[in-house]
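**Student:**
Structure, rendered in structure tokens:
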């Protein structure tokens with residue numbers, strides 16, 4: 001049996017877009033027995049019973065720009081940049 005190779009047409013590669021890395025951290029709170037996801041930029045937090053839920057929230061979290069600017073103004077310039 002002879003194998004027949006069929007070449008596929010070349011498609012252009014999509015342009016890469018820089019995605020900002022989320023500063024959210026996920027950790028275990030032993031006292032409450034919950035996973036906690038925290039964002040240091042906007043001070044938002046999420047608690048979950050499972051690690052997957054906390055990771056999912058961390059993946060989709062977006063900071064509120066107005067809140068970040070307010071925190072930077074109150075706490076000090078450059079803190080929440």
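Numbering (full-length UniProt numbering), first residue to last: 1 to 81.
The beta-carbon is built from N, C-alpha and C at its ideal position, and this holds for glycine as well.
For residue 47 and residue 36, I'd like the C-alpha separation in whole angstroms.
**Tutor:** Going from the Cα of residue 47 to the Cα of residue 36 covers about 5 angstroms.
**Student:** Return the bridge partner residues of residue 142 from the DSSP annotation.
**Tutor:** The chain is shown from 1 up to 81; residue 142 falls before or after that span and cannot be answered.
**Student:** Round the Cβ separation of residue 75 and residue 55 to the nearest angstrom and send it over; I've been treating them as touching at under 8 angstroms.
**Tutor:** Incorrect: roughly 27 angstroms between the Cβ atoms, too far for contact.
**Student:** According to the Cβ coordinates, are residue 24 and residue 38 closer than 8 angstroms?
**Tutor:** In contact: residue 24 and residue 38 (Cβ atoms closer than 8 angstroms).
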